[in-house]
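**Q** Handing you this structure, nothing more for now.
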Amino acid sequence: MLTKVIFVFTGILSFIYSLSLPCSSVYKCQTCTYLGGCFFNIQESKCKSKDEIPITNLSYVINIPYDCPVSPSPKFAYSDEFARNRAMLFSAASGSHKTSIIQKCLNKAEAVLDSDFLVPCDITNATCYAYIAIVPKEKAIALTFRGSKGQNQMDLEMLNFIDHASRESKYVEGKVLTYFADAFEALWENGIEKRLRELRKIKPDYELWVFGHSLGASLASVAAFAAVKTEIFKFDKVKSITLGQIRTGNIEYAMEHDKYVPNSFRVVHAKDAMVQIPLKAALTTTDFYHHRFEVI
Numbered sequence: 001m002l003t004k005v006i007f008v009f010t011g012i013l014s015f016i017y018s019l020s021l022p023c024s025s026v027y028k029c030q031t032c033t034y035l036g037g038c039f040f041n042i043q044e045s046k047c048k049s050k051d052e053i054p055i056t057n058l059s060y061v062i063n064i065p066y067d068c069p070v071s072p073s074p075k076f077a078y079s080d081e082f083a084r085n086r087a088m089l090f091s092a093a094s095g096s097h098k099t100s101i102i103q104k105c106l107n108k109a110e111a112v113l114d115s116d117f118l119v120p121c122d123i124t125n126a127t128c129y130a131y132i133a134i135v136p137k138e139k140a141i142a143l144t145f146r147g148s149k150g151q152n153q154m155d156l157e158m159l160n161f162i163d164h165a166s167r168e169s170k171y172v173e174g175k176v177l178t179y180f181a182d183a184f185e186a187l188w189e190n191g192i193e194k195r196l197r198e199l200r201k202i203k204p205d206y207e208l209w210v211f212g213h214s215l216g217a218s219l220a221s222v223a224a225f226a227a228v229k230t231e232i233f234k235f236d237k238v239k240s241i242t243l244g245q246i247r248t249g250n251i252e253y254a255m256e257h258d259k260y261v262p263n264s265f266r267v268v269h270a271k272d273a274m275v276q277i278p279l280k281a282a283l284t285t286t287d288f289y290h291h292r293f294e295v296i
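Next up, the structure:
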């Protein structure tokens, strides 16, 4: 609801500004894109009239404020060491259901496996998996989600990427792809939420880390959001790093995710086509959006 109000307010501002300011007189991306008839050319760092949009190359065109580049808060700076030695390590461990193998990986971070969750999460009874670990030396509770497993699961995900079906969930704002919403709720409601609440009471000074790769990345994105929205953890106590995350929800989901989980980074390979799925039409706000912040 708040995001819809922001869009309406933005539209009013755009109309007012467009009556008084020529595009060429504006230098900042966000100010430029608030103007109804302007776009920001990121290659030239110039605000221009939409009449000048180069239809043969839209990759340099920014036409809404949310697409303008912004820097993370200094309070939530990205750590490459943390991404490599924690997010990647914990995500790699999720590939096995054998607790002994997971624990062997966790030993490298002096972490202890607390609990794990394996549930059917779609109509083919394909499973989704997550585990919770405790990292005493760093005072952290780590929740990690496994990626896709099996052809049936990948096929159903791909169908969802094509049909763009999405829905709301009471645990987040905006809309999320239905496969992700269903899979997340299956895990969350079958033990994860309950265990996080228990651990929060036992270890009130611990922060929450949320990790995942591919399918697990999108589930981690939703879980980090839900952990704050449901008031299990405060926003400044949640750290989320995802690997190869697919577009997970609509623009409202992305914008609200940024507010609820400001310490959030999506680590992607520069040439990984999967992170551009579902495909997004240029210059539109009706398709699926990535939330911030991307690390290539």
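Quick note: the sequence shown uses the UniProt record's numbering, first residue 1, plus one each step.
All residues carry an ideal CB built from backbone N, CA and C; glycine is no exception.
Since this is a predicted model, take the numbers as computed values, not measurements.
#1: On the three-pair Cβ rule with 8 Å, is the segment 129 to 136 touching the segment 152 to 159?
#2: What are the boundary residues of the alpha helix (DSSP H) that Glu-252 is part of?
#3: For Val-222, which of helix, strand or coil comes out of DSSP?
#4: Compare the beta carbon distance of Val-70 and Phe-39 with 8 Å and say whether it is the shorter of the two.
#5: By a C-beta neighbour count over all protein chains shown, 10 Å radius and 16 as the cutoff for buried, is Ala-93 buried or exposed?
#6: Classify Ala-282: buried if its beta carbon has 16 or more other beta carbons within 10 angstroms, exposed otherwise.
#7: By DSSP, does Thr-144 sit in helix, in strand, or in coil?
#8: I need the straight-line Cα distance from Ser-45 to Glu-198, nearest angstrom please.
#9: Give me whichever residues DSSP pairs with Phe-265 in a beta bridge.
#10: Going by C-alpha distance, which of Arg-167, Ala-224, Leu-118 and Arg-146 is nearest Ala-186?
#11: Are Lys-237 and Glu-193 closer than 8 Å when you measure CB to CB?
#12: Report all residues from its chain with a CB closer than 8 Å to the CB of Arg-167; omit the five preceding and five following residues, and keep chain order.
#13: When DSSP labels each residue in this structure, what does Ile-102 get in the three-state scheme?
#14: On a CA-only basis, which of Gln-30, Thr-242 and Leu-279 is nearest Asp-163? Give me that one, please.
#15: To the nearest angstrom, how far is the alpha carbon of Thr-144 from that of Thr-33?
#16: Rounded to whole angstroms, what's the CA-CA distance from Ala-224 to Ala-273? Just pull it up for me.
#17: Measure the alpha-carbon distance for Asn-190 versus Gly-95 and round it to whole angstroms.
#18: Give the secondary structure of Val-172 by DSSP, where H, G and I count as helix, E and B as strand, and everything else as coil.
#19: Name the one or two DSSP bridge partners that Glu-81 has.
#20: Pull up the CB-CB distance for Thr-242 and Ala-217, whole angstroms please, since I reckon it's below 8 Å.
#21: So, using beta-carbon positions, are Arg-266 and Val-295 closer together than 8 Å?
#22: Quick check: the Cα distance between Phe-211 and Leu-21, rounded to an integer number of angstroms?
#23: CA-CA distance, Lys-149 and Lys-139?
#24: Could you tell me the alpha carbon to alpha carbon distance between Gln-30 and Ile-246, rounded to whole angstroms?
**A** Put simply:
#1: no
#2: 251 to 260
#3: Helix.
#4: Not a contact, by the Cβ cut-off of 8 Å.
#5: buried
#6: exposed
#7: strand
#8: Approximately 50 Å between the Cα atoms of the pair.
#9: Ile-241
#10: Leu-118
#11: By the CB criterion at 8 Å, Lys-237 and Glu-193 fall outside the cutoff.
#12: So the qualifying residues of the chain are Lys-175, Val-176, Thr-178 and Ala-181.
#13: helix
#14: Leu-279
#15: 37 Å
#16: Each residue's Cα considered, the two are about 24 Å apart.
#17: Rounded to whole angstroms, Asn-190 to Gly-95 spans 20 Å at the Cα level.
#18: coil
#19: In the DSSP output, where bridge partners are listed per residue, Glu-81 has none listed.
#20: 4 Å
#21: yes
#22: 45 Å
#23: In a straight line, the C-alpha of Lys-149 is about 31 Å away from that of Lys-139.
#24: 25 Å
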